[in-house]
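Shown next, in structure tokens, is the structure this report addresses.
Below you can see the structure in the form of structure tokens.
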């Protein structure tokens, strides 16, 4: 499970072509939200942003690709009618729909421990860095690594 780093995704797919890769759902929503609050994202009000996030949640719940296609088309029509613009739906279609199998439920139909986020792993490694690596002074760490070389 990764954030949507296309270089990382490409490297994983090249190195491990049979590996199933998922996008962290938290980071998908975070990226969409960050775009929505930017000026080029329409600088949407909180209520409008909430509407888009709820539409994304409805799309994520789709258990088949066909259902996703139908639901996403319907949600995009609704968003365009409500906002009077296709700016948001163009962004979703361009940036997120091509990767839907990596974040929507229809792409998660295999054993993945029902985990939709990599936040626990990120938190674990953050804790490792803080408690172990930064606890030691860098010169001491560098000195001890020179002695073992």
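Numbering (this note's numbering), first residue to last: 64 to 212. Cβ atoms here follow ideal geometry from the backbone N, Cα and C, with glycine treated the same way. Keep in mind that this is a model prediction, so the values were computed, not measured.
Would you mind reading off the limits of the alpha helix (DSSP H) that contains residue 75? Segment 69-78, the alpha helix (DSSP H) holding residue 75.
I need the boundaries of the alpha helix (DSSP H) containing residue 161, first residue and last residue. For residue 161, no alpha helix (DSSP H) run applies, since DSSP gives it neither H nor E.
What is the C-beta distance between residue 125 and residue 131, in whole angstroms, given that I count them as a contact (C-beta under 8 Å)? 4 Å between Cβ atoms; contact.
Taking only runs that begin and end inside the segment 98-166, name each unbroken alpha helix (DSSP H) of 4 or more residues, in chain order. Segments of the alpha helix (DSSP H) lying fully in the segment 98-166: 109-123, 128-146, 150-154, 163-166.
When the Cα of residue 113 is compared with those of 142, 134, 76, which residue comes out closest? The residue among 142, 134, 76 with its C-alpha nearest the C-alpha of residue 113 is 142.
Measuring CA to CA, which of 78, 85, 81 is closest to residue 68? For residue 68, the nearest C-alpha among the options comes from 85.
Residues bridged to residue 86 [DSSP beta-bridge criterion]: Paired residues: 65.
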